[in-house]
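*Asks:* One structure coming up, written as structure tokens, with questions to follow.
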Amino acid sequence: MKIYYMGILKNDIKPAHELCAEKDLSAYGIFMRRRQVVFFASHLQSLNLNFISVSDLMTFSAKTIAERTSPGQRQDVESNESTCHAYGHSSGLCGIIITEHSYPSLIAHQGLSRIIDEFLTLHPLSSLKNTSPSASSNPSLGLPNLQGYLVQYQDPNQVDSVMRVQRELDETKIVLHKTIESVLERNVKLEDLVMKSEGLSSQSKLFYKQAKKQNSCCLVM
Numbered sequence: 023m024k025i026y027y028m029g030i031l032k033n034d035i036k037p038a039h040e041l042c043a044e045k046d047l048s049a050y051g052i053f054m055r056r057r058q059v060v061f062f063a064s065h066l067q068s069l070n071l072n073f074i075s076v077s078d079l080m081t082f083s084a085k086t087i088a089e090r091t092s093p094g095q096r097q098d099v100e101s102n103e104s105t106c107h108a109y110g111h112s113s114g115l116c117g118i119i120i121t122e123h124s125y126p127s128l129i130a131h132q133g134l135s136r137i138i139d140e141f142l143t144l145h146p147l148s149s150l151k152n153t154s155p156s157a158s159s160n161p162s163l164g165l166p167n168l169q170g171y172l173v174q175y176q177d178p179n180q181v182d183s184v185m186r187v188q189r190e191l192d193e194t195k196i197v198l199h200k201t202i203e204s205v206l207e208r209n210v211k212l213e214d215l216v217m218k219s220e221g222l223s224s225q226s227k228l229f230y231k232q233a234k235k236q237n238s239c240c241l242v243m
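Position one of the sequence shown corresponds to residue 23 (this note's numbering), numbered consecutively onward.
Now the structure itself:
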């Protein structure tokens, strides 16, 4: 039960942008070897570019889902290899956690509530009004414990029991989407969003296209 991404985004305006995020890309190396996608390494000339591309695509996925998560809404969006758990907060923030399918949804959403509540304790709403995409690199908007939470939540047994989480979220309906396409607007294609994204490098777009051909970009998209 792996967590790949944990982050907080500002989604009250488009495009949504990351305020803080932590990622664990170690499993993707195993995924690549398991799927024998060594083609990417030679095609992009550098294995490091693969990890940069995966990191970029995780951020892109988080932004795409955050932009389509309303205040007060909780939803899970599945791809072939992962699930994106999203929580839209009334403050104009959205928490995103990307995990393996087997990761308990209730635990993920408890984690989302936790990181957003802690973030807002550190950063009052007044301090977020003038944030922009460039603010994502501003360390003053960080969450010092986020890396620790990413590690802690890798093992659901280290956090609250499912029964306790169920009580906390018993009045909350988590909407499940079987594909990322199901949350997109009508006639909008994911590939078009990738190609038009200003937040993705040309290497990341190439990585996505080649991975899509090999049906092996499903870990994050």
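Backbone N, C-alpha and C define an ideal beta-carbon position, used for all residues, glycine too.
Treat the numbers as computed from the prediction; the structure is a model and nothing was measured.
Between Ile118 and Leu147, what straight-line distance do the alpha-carbon atoms span, to the nearest angstrom?
*Replies:* Along the sequence shown, read from residue 1 onward, the residue named residue 118 stands at position 96. Along the sequence shown, read from residue 1 onward, the residue named residue 147 stands at position 125. Near 19 angstroms, if we compare the C-alpha coordinates of Leu147 and Ile118.
*Asks:* Once you ignore the five residues that flank Ser77 on each side, which residues in its own chain have a CB closer than 8 angstroms to its CB?
*Replies:* On the sequence shown, position 55 is the one that residue 77 refers to. Excluding positions up to five away in sequence, the list reads Lys45 and Leu47.
*Asks:* To the nearest angstrom, how far is it from the Cα of Tyr125 to the Cα of Leu163?
*Replies:* Position 103 of the sequence shown, counted from the first residue, corresponds to residue 125. Position 141 of the sequence shown, counted from the first residue, corresponds to residue 163. Going by C-alpha positions, Tyr125 is about 28 angstroms away from Leu163.
*Asks:* Assign Lys85 to buried or exposed, taking buried as 16 or more other Cβ atoms, counted over all protein chains shown, within 10 Å of its Cβ.
*Replies:* Numbered from its first residue, the sequence shown carries residue 85 at position 63. Buried, because 16 or more other Cβ atoms sit within 10 Å of the Cβ of Lys85.
*Asks:* Since Thr91 contacts Gly114 with CB under 8 angstroms, what's their CB separation in whole angstroms?
*Replies:* In the sequence shown, residue 91 corresponds to position 69, counting from 1. In the sequence shown, residue 114 corresponds to position 92, counting from 1. Not quite, the Cβ-Cβ distance comes to about 11 angstroms (not below 8 angstroms), so this is no contact.
*Asks:* Per DSSP, which residues does Cys97 bridge with? Please list them.
*Replies:* Position 75 of the sequence shown, counted from the first residue, corresponds to residue 97. For clarity, residue 97 is Gln in the given sequence; the question names Cys instead. According to DSSP, Gln97 bridges with Ala108 and Val197.
*Asks:* Assuming Leu168 and Cys42 make a contact with CB atoms under 8 angstroms, what is their CB distance in whole Å?
*Replies:* Here residue 168 is taken as the residue at index 146 of the sequence shown, counted from 1. Here residue 42 is taken as the residue at index 20 of the sequence shown, counted from 1. Going by Cβ atoms, the distance from Leu168 to Cys42 rounds to 6 angstroms, so yes, they are a contact pair.
*Asks:* Where Ser112 and Ser75 are concerned, what is the direct C-alpha to C-alpha distance, given to the nearest angstrom?
*Replies:* The residue you call residue 112 lines up with position 90 of the sequence shown. The residue you call residue 75 lines up with position 53 of the sequence shown. Their Cα atoms are separated by approximately 31 angstroms.
*Asks:* So, is Ser127 buried or exposed, given that buried needs 16 or more other C-beta atoms within 10 angstroms?
*Replies:* Within the sequence shown, residue 127 is the residue found at index 105, counting from 1. So Ser127 counts as buried.
*Asks:* With a threshold of 16 other CB atoms inside 10 Å of the CB of Gly133, please say whether the residue is buried or exposed.
*Replies:* Locating residue 133 in the sequence shown gives position 111, counting from the first residue. By the 16-neighbour rule on beta-carbons within 10 angstroms, Gly133 is buried.
*Asks:* Compute the Euclidean distance between the alpha carbons of Ser101 and Thr143, then round it to the nearest angstrom.
*Replies:* Stepping through the sequence shown from its first residue, residue 101 is reached at position 79. Stepping through the sequence shown from its first residue, residue 143 is reached at position 121. If you take the alpha carbons of Ser101 and Thr143, they lie about 33 angstroms apart.
*Asks:* Report back the beta-carbon spacing between Ile244 and Ile30 to the nearest angstrom; my notes put them in contact at under 8 angstroms.
*Replies:* Given a span of 23 to 243 for the chain in the structure shown, any question on residue 244 remains unanswerable.
*Asks:* Measuring alpha carbon to alpha carbon, tell me which of Asp34, Leu150, Thr121 and Leu165 ends up nearest Thr103.
*Replies:* The sequence position of residue 103 within the sequence shown is 81, counting from 1. According to the sequence shown, residue 103 is Glu rather than Thr. Checked all of Asp34, Leu150, Thr121 and Leu165; the closest Cα to Glu103 is Thr121.
*Asks:* Three-state secondary structure (DSSP) at Lys32?
*Replies:* On the sequence shown, residue 32 is found 10 positions in, with the first residue counted as 1. Strand at Lys32.
*Asks:* Can you say whether Lys32 is buried or exposed, counting buried as having 16 or more other CB atoms within 10 angstroms of its CB?
*Replies:* Residue numbering aside, residue 32 sits at position 10 when the sequence shown is read from its first letter. Lys32 is buried by the Cβ-count criterion.
*Asks:* Which residues share a DSSP beta bridge with Glu39?
*Replies:* Translated into the one-based positions of the sequence shown, residue 39 becomes position 17. One point to set straight first is that residue 39 is His, not Glu, in the sequence displayed. The partner list for His39 (beta bridge, DSSP) reads Lys32.
*Asks:* Taking Tyr26 as the reference, give the member of Ser149, Ile35 and Ser83 with the closest Cα.
*Replies:* Translated into the one-based positions of the sequence shown, residue 26 becomes position 4. Considering only alpha carbons, the answer is Ser83.
*Asks:* Around the C-beta of Gln97, are 16 or more other C-beta atoms found within 10 angstroms, so that it is buried, or is it exposed?
*Replies:* As a working note, residue 97 is residue 75 in the sequence shown. Under a 10 Å Cβ-count criterion, Gln97 is classified as buried, with 16 or more other Cβ atoms of the shown protein chains found around its own Cβ.
*Asks:* Under a Cβ-count criterion, where at least 16 other Cβ atoms within 10 Å of its own Cβ denotes burial, should His145 be classed as buried or exposed?
*Replies:* For the purposes of this step, residue 145 is taken as residue 123 along the sequence shown, with counting starting at 1. By the neighbour-count rule (16 or more Cβ atoms within 10 Å), His145 is buried.
*Asks:* Nearest-angstrom Cα distance between Gly170 and Met23?
*Replies:* Within the sequence shown, numbered from 1, the residue matching residue 170 stands at position 148. Within the sequence shown, numbered from 1, the residue matching residue 23 stands at position 1. Each residue's Cα considered, the two are about 17 angstroms apart.
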